[in-house]
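K.L.:
Residues in the sequence shown are numbered from 7 upward in steps of one, following my numbering. All residues carry an ideal CB built from backbone N, CA and C; glycine is no exception.
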Amino acid sequence: MITILLILLALLGGIALSVQSSVNGRLGGAVGVLAAAWLTFVLGALISVLLVLFAQPPQELTLLDAPRWQLTGAFFGVFYIIAMVFSVPQVGIAAATAAVITGQLTMSLLIDNFAWLGNAEIPLDLQRWCAIALLFVAMALIYIGNRKRERGENAQ
7 MITILLILLA LLGGIALSVQ SSVNGRLGGA VGVLAAAWLT FVLGALISVL
57 LVLFAQPPQE LTLLDAPRWQ LTGAFFGVFY IIAMVFSVPQ VGIAAATAAV
107 ITGQLTMSLL IDNFAWLGNA EIPLDLQRWC AIALLFVAMA LIYIGNRKRE
157 RGENAQ
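#1: So what's Leu158 in DSSP terms, helix, strand or just coil?
#2: Nearest to Ala126 by alpha carbon, out of Ile117, Leu132, Arg134?
#3: Is the segment 90-107 touching the segment 143-150, taking contact as three or more C-beta pairs under 8 Å?
#4: Can you tell me which of the three DSSP states Asn30 falls into?
#5: Do Val39 and Phe85 have their CB atoms nearer than 8 Å?
#6: First and last residue of the alpha helix (DSSP H) that includes Gly83?
#7: Taking 8 Å as the threshold, find out whether the segment 72-90 comes into contact with the segment 14-34 through three or more Cβ pairs.
#8: If you reduce the DSSP assignment to three classes, tell me which class Pro7 lands in.
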């Protein structure tokens, strides 16, 4: 039962990312990409501080004690936000999200296969290779569909 709830939570997280990307893409077009990214991180930092202070149970390590390489994850979040704020207005939310999901799942499969970053090894088998191929096909079809629609609108 807990597994289903965690998968549902992850699904809701994915929904939130798509909505966030769409909203931030529009905001970035109106106020600038870096201003939109700044707002995201300032509000995120404020909410995170409140959660750490009032909701998080004590942990074994603090941020000062954690291995330094684990602190680099924050830079990836910055890259993601800025990449989406740039991409969404140009290619659309579906194409940008498909590209993110393709990149995310492809890298996840590679991390599993090579047991990078301290994760358990889960080898790439035929099904996983097919999944990667289908992700790239889905991404391409969404992008091509967007381009056809744009050309049809420009012709009118």
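P.N.:
With the structure as the only source:
#1: Residue 158 sits at position 152 when you count from the first residue of the sequence shown. According to the sequence provided, residue 158 is Gly. The question's Leu does not apply to it. If DSSP states are grouped into helix, strand and coil, Gly158 belongs with the helices.
#2: Stepping through the sequence shown from its first residue, residue 126 is reached at position 120. When only C-alpha atoms are compared, the closest one is Ile117.
#3: Flag = yes, the segment 90-107 and the segment 143-150 touch.
#4: Numbered from its first residue, the sequence shown carries residue 30 at position 24. DSSP places Asn30 in the helix class (H, G or I) of the three-state scheme.
#5: For the purposes of this step, residue 39 is taken as the residue at position 33 of the sequence shown. For the purposes of this step, residue 85 is taken as the residue at position 79 of the sequence shown. For Val39 and Phe85, no; Cβs fall outside 8 Å.
#6: The sequence position of residue 83 within the sequence shown is 77, counting from 1. Residues 79-97.
#7: Under the three-pair Cβ rule at 8 Å, the segment 72-90 counts as touching the segment 14-34.
#8: Locating residue 7 in the sequence shown gives position 1, counting from the first residue. Going by the sequence as given, residue 7 is Met instead of Pro. Reduced to three states, the DSSP call for Met7 is coil.
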